[in-house]
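*Asks:* The numbering of the sequence shown is the numbering used here, which starts it at 14 and goes up by one.
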Amino acid sequence: RRLPLDSINALLKKLRSLNIGQAWAGSYEGLLQRDLTEVNQRLADACALHAELIPIGSINPELPNWKNDLRDCIEIHQMPGIRLQPNYHGYTLADPRLTQLLELAAASNLLVQIAVTMEDIRTQHPMIHTEDVDLTPLPKLMEKIPAAKVQLLNWRPRSALLAGLAETPGLSFDTARADATDGVSKLLRSLPPGRVMFGSHSPFLIPEAALIRVAEARLTDTELREVLRANAEQSLKIPA
Numbered sequence: 014r015r016l017p018l019d020s021i022n023a024l025l026k027k028l029r030s031l032n033i034g035q036a037w038a039g040s041y042e043g044l045l046q047r048d049l050t051e052v053n054q055r056l057a058d059a060c061a062l063h064a065e066l067i068p069i070g071s072i073n074p075e076l077p078n079w080k081n082d083l084r085d086c087i088e089i090h091q092m093p094g095i096r097l098q099p100n101y102h103g104y105t106l107a108d109p110r111l112t113q114l115l116e117l118a119a120a121s122n123l124l125v126q127i128a129v130t131m132e133d134i135r136t137q138h139p140m141i142h143t144e145d146v147d148l149t150p151l152p153k154l155m156e157k158i159p160a161a162k163v164q165l166l167n168w169r170p171r172s173a174l175l176a177g178l179a180e181t182p183g184l185s186f187d188t189a190r191a192d193a194t195d196g197v198s199k200l201l202r203s204l205p206p207g208r209v210m211f212g213s214h215s216p217f218l219i220p221e222a223a224l225i226r227v228a229e230a231r232l233t234d235t236e237l238r239e240v241l242r243a244n245a246e247q248s249l250k251i252p253a
């Protein structure tokens with residue numbers, strides 16, 4: 014079905030109405046298309062027309078030219094980050110190619126986002142049933158590359174796994190699926206400072222819902238600034 018904010022102009026109008034001054038933008042085309050060179054080019058071209066949108070390219074290490082796609086994201090498009098979709102692209106976080114990918118990204122001070130889920134498995138089309146990414150191998154993977162910067166997107170925090178992830182340096186989280194009125198505050202209290210950033214999963218979800226959860230968390234002014242802006246600026250080294 015169509016999403017209410019599935020055009021750039023509609024999305025930007027909504028973000029501006031909510032006083033969101035900058036958004037990290039990926040492309041849904043990166044989920045199923047195999048020509049990610051063109052996907053990332055279209056994303057870069059679209060973001061170039063709107064100062065609020067920071068392009069985050071899609072990389073699929075299953076494809077033979079993934080290193081070229083990574084190089085283009087860094088050198089041609091000058092993207093500050095890339096996005097991985099392991100569950101849609103058919104590999105796990107134990108894949109040895111991820112070590113090389115993280116090493117190359119770290120060498121360029123690139124943020125690597127891992128989209129843990131895109132859609133609740135209960136509402137997925139039966140022909141595209143995609144489980145959430147298994148994060149169990151991630152701490153050991155990142156232990157090999159101390160300079161790596163990784164952010165988990167759309168992850169619903171689970172206490173059994175959160176403790177191990179919290180101890181992993183360089184790993185950050187977003188708030189897109191930190192459900193319940195105390196979900197954001199619980200996530201914040203479970204992690205070292207500077208590790209949580211606002212996330213909305215828009216346009217798949219409406220951004221107001223994510224903002225309401227942050228408001229209900231009753232954070233201090235300092236915590237609000239960190240979650241809504243400062244941690245993201247620090248992660249991408251974006252000038253204030």
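Even glycine gets a Cβ: it sits at the ideal position worked out from N, Cα and C. If you're wondering where the values come from, they're calculated on a predicted model, not measured in any experiment.
Tell me the start and end of each unbroken beta strand (DSSP E) in the region 57-118 that is at least 3 residues and wholly inside, in chain order.
*Replies:* Counting whole runs of 3 or more residues, the region 57-118 contains the beta strand (DSSP E) stretches 66-71, 94-97.
*Asks:* Tell me the DSSP secondary structure of residue 200 in three-state form.
*Replies:* Three-state result, residue 200: helix.
*Asks:* Could you spell out where the beta strand (DSSP E) holding residue 176 opens and where it closes?
*Replies:* Per DSSP, residue 176 belongs to no beta strand (DSSP E); it is in the alpha helix (DSSP H), 172-179.
*Asks:* Just to confirm before moving on: does the CB-CB distance between residue 81 and residue 102 stay below 8 Å?
*Replies:* No. Outside cutoff.
*Asks:* Indicate the three-state DSSP secondary structure (helix, strand or coil) for residue 157 in the structure shown.
*Replies:* Of the three classes helix, strand and coil, the one that applies to residue 157 here is coil, per DSSP.
*Asks:* Within this structure, are the beta carbons of residue 58 and residue 216 separated by less than 8 Å?
*Replies:* Taking 8 Å as the Cβ cut-off, residue 58 and residue 216 do not qualify as a contacting pair.
*Asks:* From residue 52 to residue 67, what does the alpha carbon distance come to, in whole angstroms?
*Replies:* Each residue's alpha carbon lies about 15 Å from the other.
*Asks:* Quick one, which of 233, 207, 107 has its alpha-carbon nearest residue 245's?
*Replies:* Of the candidates 233, 207, 107, the one whose C-alpha sits nearest the C-alpha of residue 245 is 207.
*Asks:* Leaving out five residues on either side along the sequence, give the residues of the same chain with a beta carbon under 6 Å from the beta carbon of residue 24.
*Replies:* Counting only Cβ-Cβ distances below 6 Å, and skipping sequence neighbours, we find 18, 216.
*Asks:* Examine the Cβ distances between the region 102-119 and the region 150-157 and report whether three or more of them are shorter than 8 Å.
*Replies:* Yes, the region 102-119 touches the region 150-157.
*Asks:* Look up residue 120 in the DSSP assignment and say whether it is helix, strand or coil.
*Replies:* If DSSP states are grouped into helix, strand and coil, residue 120 belongs with the helices.
*Asks:* Out of 99, 138, 15, 70, which one is the CA nearest neighbour of residue 88?
*Replies:* Answer by Cα proximity: 70.
*Asks:* Take residue 213 and list the residues in its own chain whose beta-carbon comes closer than 7 Å to its own, dropping the five residues that flank it on each side.
*Replies:* Here the set comprises 189, 220, 223.
*Asks:* For residue 165, which of helix, strand or coil comes out of DSSP?
*Replies:* Of the three classes helix, strand and coil, the one that applies to residue 165 here is strand, per DSSP.
*Asks:* Looking at residue 75 and residue 104, is the spacing between their C-beta atoms short of 8 Å?
*Replies:* Against a cut-off of 8 Å, the Cβ pair of residue 75 and residue 104 comes out as a contact.
*Asks:* What's the call for residue 236, buried or exposed, on a 16-neighbour Cβ count within 10 Å?
*Replies:* Buried, since its Cβ has 16 or more Cβ neighbours within 10 Å.
*Asks:* Give the DSSP bridge partners of residue 210, in chain order.
*Replies:* 187.
*Asks:* From which residue to which residue does the alpha helix (DSSP H) around residue 255 run?
*Replies:* For residue 255 there is no data in the structure shown, the boundaries of the chain being 14 and 253.
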